[in-house]
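Note sheet for the following structure.
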Amino acid sequence: MEELVIRDADVVDGSGDHAYRADVVVDGGRIIGIVKEAADAGCQRPKARRELDAEGLVLAPGFIDMHAHSDLALLRDPDHSAKAAQGVTLEVLGQDGLSYAPVDDRTLGEVRRAIAGWNGSGDDIDFDWRSVGEYLDRLDRGIAVNAAYLIPQGTVRALAVGWEDREATPAELERMRRLVAEGMEQGAVGMSSGLTYTPGMYAKDAELTELCRVVASYGGYYCPHHRSYGAGALEAYEEMVALTREAGCPLHLAHATMNFGVNKGRAPELLSLLDEALDSGADISLDTYPYTPGCTTLVALLPSWASEGGPQEILRRLADEGTAERIRHHLEVTGSDGCHGVPVEWETIEISGVGDPALGAYVGRTVLESARARGESPWVVARELLLKDRLAPTILQHVGHEENVRAIMRHRVHTGGSDGILQGAKPHPRAYGTFPHYLGHYVRELGVLSLEECVARLTSRPAARLRLPDRGLVREGYRADLVLFDPATVAAGSTFEEPRTLPRGIPHVLVDGRFVIEDGRRTDELAGRAVRGTPR
Numbered sequence: 001m002e003e004l005v006i007r008d009a010d011v012v013d014g015s016g017d018h019a020y021r022a023d024v025v026v027d028g029g030r031i032i033g034i035v036k037e038a039a040d041a042g043c044q045r046p047k048a049r050r051e052l053d054a055e056g057l058v059l060a061p062g063f064i065d066m067h068a069h070s071d072l073a074l075l076r077d078p079d080h081s082a083k084a085a086q087g088v089t090l091e092v093l094g095q096d097g098l099s100y101a102p103v104d105d106r107t108l109g110e111v112r113r114a115i116a117g118w119n120g121s122g123d124d125i126d127f128d129w130r131s132v133g134e135y136l137d138r139l140d141r142g143i144a145v146n147a148a149y150l151i152p153q154g155t156v157r158a159l160a161v162g163w164e165d166r167e168a169t170p171a172e173l174e175r176m177r178r179l180v181a182e183g184m185e186q187g188a189v190g191m192s193s194g195l196t197y198t199p200g201m202y203a204k205d206a207e208l209t210e211l212c213r214v215v216a217s218y219g220g221y222y223c224p225h226h227r228s229y230g231a232g233a234l235e236a237y238e239e240m241v242a243l244t245r246e247a248g249c250p251l252h253l254a255h256a257t258m259n260f261g262v263n264k265g266r267a268p269e270l271l272s273l274l275d276e277a278l279d280s281g282a283d284i285s286l287d288t289y290p291y292t293p294g295c296t297t298l299v300a301l302l303p304s305w306a307s308e309g310g311p312q313e314i315l316r317r318l319a320d321e322g323t324a325e326r327i328r329h330h331l332e333v334t335g336s337d338g339c340h341g342v343p344v345e346w347e348t349i350e351i352s353g354v355g356d357p358a359l360g361a362y363v364g365r366t367v368l369e370s371a372r373a374r375g376e377s378p379w380v381v382a383r384e385l386l387l388k389d390r391l392a393p394t395i396l397q398h399v400g401h402e403e404n405v406r407a408i409m410r411h412r413v414h415t416g417g418s419d420g421i422l423q424g425a426k427p428h429p430r431a432y433g434t435f436p437h438y439l440g441h442y443v444r445e446l447g448v449l450s451l452e453e454c455v456a457r458l459t460s461r462p463a464a465r466l467r468l469p470d471r472g473l474v475r476e477g478y479r480a481d482l483v484l485f486d487p488a489t490v491a492a493g494s495t496f497e498e499p500r501t502l503p504r505g506i507p508h509v510l511v512d513g514r515f516v517i518e519d520g521r522r523t524d525e526l527a528g529r530a531v532r533g534t535p536r
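For the sequence shown, position 369 (counting from the first letter as 1) is numbered 369 according to full-length UniProt numbering, and the numbering increases by one without interruption.
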């Protein structure tokens with residue numbers, strides 16, 4: 001007898017088609033039967049060792065988080081309710097050009113320091129891998145949800161070139177090409193970049209194009225955090241479209257936003273640019289999170305020249321009075337490239353986390369608020385915090401626009417991604433709330449998307465970008481990565497005040513046919529594994 005029948009569910013199958021009533025049978029980690037409108041058809045209803053009454057619940061494919069920063073969290077926290085409780089059954093890691101494979105001993109230490117604000121110091125992790133394949137093997141030991149991996153271009157550049165602002169030599173470029181090829185052969189699904197983060201930002205378009213050619217030859221895609229989301233944002237999008245078309249590589253735009261005052265109401269210009277490229281044959285998709293503030297590290301705002309050479313050089317420059325004044329001028333007057341070409345507005349920069357608990361008084365306050373409380377300038381406060389906390393502080397950047405968020409999420413190639421940073425005392429609520437916030441706020445409350453269309457954007461469309469032939473739909477033979485939610489009550493529990501509150505209205509989540517969330521509570525199942533790309 002089969003393992004499980006989910007009885008009388010309203011199936012929203014991920015295709016975008018209308019919902020239907022059905023019994024869904026699960027066995028061996030796959031969907032093995034779908035009996036539509038079973039209760040009314042007079043047919044023999046399927047039986048199983050366990051029956052789950054889904055009356056009043058929507059059954060959908062598990063959600064795919066196209067932009068996740070759980071690279072260490074999945075190893076550190078077996079519970080991982082931050083994502084499992086949202087109905088996420090697959091996360092895409094290795095984002096923004098910086099992660100932990102491929103590395104050697106030198107670059108592993110450098111990367112750990114550089115992105116401690118994203119993932120923590122890693123002191124509690126046994127880094128027993130160096131290659132992409134070894135990292136995926138580590139995930140295969142058992143994690144809360146499934147995970148795919150993008151080769152981080154900045155990490156590759158650090159390994160082959162270092163953290164200097166210069167062009168790669170032919171030999172270094174060839175080594176980067178080999179590293180990318182090896183990563184794709186070992187199971188990566190594509191390559192990411194962080195083109196406002198060092199050292200990836202030092203790569204010229206010709207270098208990126210050559211690496212994208214390698215990615216494309218394996219059937220992968222390029223996922224850039226491009227060079228500006230502020231001043232010059234449209235030009236940065238155009239650059240990525242042109243670069244990937246030259247390379248013949250599919251393009252997936254990470255957290256595709258139009259931020260800062262210079263871009264208020266300009267989302268239609270971005271969408272027109274994308275439509276023109278799509279209509280002429282370009283292969284493009286994008287992801288967004290359904291919130292206006294962004295989230296990154298405080299050090300990321302610095303000009304690129306201040307970050308050359310890696311974390312130790314940044315600290316040295318910040319400690320030098322003359323150099324620190326140059327940094328301040330670029331931040332506050334010129335508009336640094338790290339701050340997307342826009343002069344920093346300290347009233348929009350809220351400290352969301354610190355590495356040193358002794359600095360916790362800064363968390364939840366903007367840099368300007370802390371400066372006023374101390375009777376000092378914002379730069380003095382920001383500089384001191386960076387030095388004392390060894391570049392670890394994370395920030396919320398309150399620079400987005402609701403009309404842009406809604407316009408972009410309506411676009412035909414849109415998918416969902418949390419960009420969820422799980423570190424810090426007060427992380428962005430998107431880390432715990434992105435997917436129920438789409439379903440509760442933007443579907444039920446605002447009607448920006450229909451339920452069927454929204455589910456497709458969170459399931460089948462990401463699966464298609466990842467080239468996963470048996471995920472993203474409720475279909476016979478597909479993986480039983482499934483979520484059951486109440487469409488009348490589903491909502492994000494997380495807020496900016498209480499960001500780690502779990503969502504409401506998602507009682508059951510299955511990964512590989514096993515309950516990771518049951519009756520609203522996390523089980524002890526570690527059903528997730530690495531999801532490897534398939535080189536074509």
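All C-beta atoms, glycine included, are put in the ideal place defined by N, C-alpha and C.
Sub-7 Å separation of residue i and residue j beta-carbons
i	j	result
R457	G505	no
P436	A492	yes
I408	A267	yes
residue 537	L139	This structure cannot settle anything about residue 537, because the visible part of the chain is limited to 1 through 536.
D470	G62	no
L57	L484	yes
W118	I421	yes
A54	V455	no
G187	R467	no
R7	D23	yes
A101	S131	yes
T434	S460	no
A19	V12	yes
M240	Y218	no
M179	D205	Inspection of the sequence shows that residue 179 is occupied by Leu rather than by Met. No, Cβ-Cβ distance for L179 and D205 is not below 7 Å.
D337	S304	yes
G154	G194	yes
G424	S352	yes
H252	R465	yes
Y432	R521	no
Collapsed DSSP secondary structure at residue i in the structure displayed
i	result
E498	coil
P268	helix
M201	helix
A48	strand
residue 543	The question about residue 543 has no answer, for the chain in this structure spans 1 to 536.
T523	coil
L98	coil
S217	helix
N263	helix
heavy atom of the ligand ADP below 6 Å from residue i C-beta
i	result
E269	Annotation note on the ligand ADP: not contained in the displayed structure, which lists no ligands.
The alpha helix (DSSP H) enclosing residue i, as first and last residue numbers
i	result
Y237	A233 to A247
Y432	R430 to H437
M409	E402 to M409
L139	V132 to L139
N119	A116 to N119
A84	S81 to A84
S370	V367 to R374
L386	P378 to K388
V156	Q153 to A160
L75	A73 to R76
Nearest-angstrom Cβ-Cβ length linking residue i and residue j, presumed shorter than 8 Å
i	j	result
I327	L302	6 Å
V214	R157	So it is not a contact: roughly 14 Å between Cβ atoms.
L449	V490	Not really, about 14 Å apart at Cβ, beyond 8 Å.
S192	P152	6 Å
T209	A256	So it is not a contact: roughly 21 Å between Cβ atoms.
E110	P311	7 Å
V189	E172	In fact, because the Cβ distance is near 25 Å, the residues do not count as touching under 8 Å.
G16	E452	5 Å
L274	H411	7 Å
Limits of the beta strand (DSSP E) - the one that residue i falls within
i	result
Q397	T394 to Q397
G453	The amino acid at residue 453 is misidentified as Gly; the sequence shows Glu. Run containing E453: none in the beta strand (DSSP E); it sits in the alpha helix (DSSP H), L451 to L458.
G322	Unbroken run through G322 is the alpha helix (DSSP H), E321 to H329; no beta strand (DSSP E).
D89	Here the sequence assigns Thr to residue 89, which means Asp is not the residue at that position. It spans V88 to L93 - the beta strand (DSSP E) in which T89 sits, taken as one unbroken run.
A60	V58 to P61
L306	The sequence shown places Ala at residue 306, not Leu. It is not in any beta strand (DSSP E) - A306 instead sits in the alpha helix (DSSP H) that spans S304 to S307.
A358	Taken as a continuous stretch (DSSP letters only), A358 belongs to no beta strand (DSSP E), as it is neither H nor E.
The segment 339-354 in contact with the segment 228-245 per 3-pair CB rule at 8 Å: yes
Three-pair Cβ contact test at 8 Å for the segment 56-74 versus the segment 388-402: no
Meets three-Cβ-pair contact criterion under 8 Å: the segment 191-200 and the segment 161-172: yes
Segment contact, 8 Å Cβ cut-off, at least three pairs: the segment 93-104 with the segment 357-373: no
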